[in-house]
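Notes follow the structure.
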Amino acid sequence: MIKVLRLKKGVIAIVLGIILLIVAQVMSSKHIDGSNVVLGFSGGFLILGSLIFLYPILFAKKVDNEGEEVELKPAAKEPLDGENVA
933 MIKVLRLKKG
943 VIAIVLGIIL
953 LIVAQVMSSK
963 HIDGSNVVLG
973 FSGGFLILGS
983 LIFLYPILFA
993 KKVDNEGEEV
1003 ELKPAAKEPL
1013 DGENVA
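Start counting at 1 in the sequence shown, then tack on 932, and there's your number in my numbering.
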């Protein structure tokens, strides 16, 4: 699902945010200056990652014009590895 909806950048941003959060906590416990700056970058990456995850939901297109139901239309048309082609 992450590959189909192209959410790889969101996953990378959230992982970087978590790593920076850990680094900021270590810097804070060792009383190193600049831990607040790293904590700010961590929050920024976490917010950016969450917005990237919300992008396909906010800009989803209707698959069926007659129905009220909105489904996510995958950007990639080619089948993924391991899926049966019907």
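Yeah, the Cβ is synthetic: ideal placement off N, Cα and C, and Gly gets one too.
| Query | Result |
| --- | --- |
| Secondary structure at K941, three-state DSSP: helix, strand or coil? | helix |
| If you follow the alpha helix (DSSP H) that I989 is in, where does it begin and where does it stop? | S967 to L990 |
| Throw me the rounded Cβ distance for the L939 and A956 pair, which I believe falls under 8 Å. | The pair is not a contact, with the Cβ atoms about 25 Å apart (cut-off 8 Å). |
| Does DSSP put I964 in a helix, a strand or coil? | coil |
| Less than 8 Å between C-beta atoms, sequence neighbours within five positions excluded: which residues of the same chain meet that for G976? | G949 |
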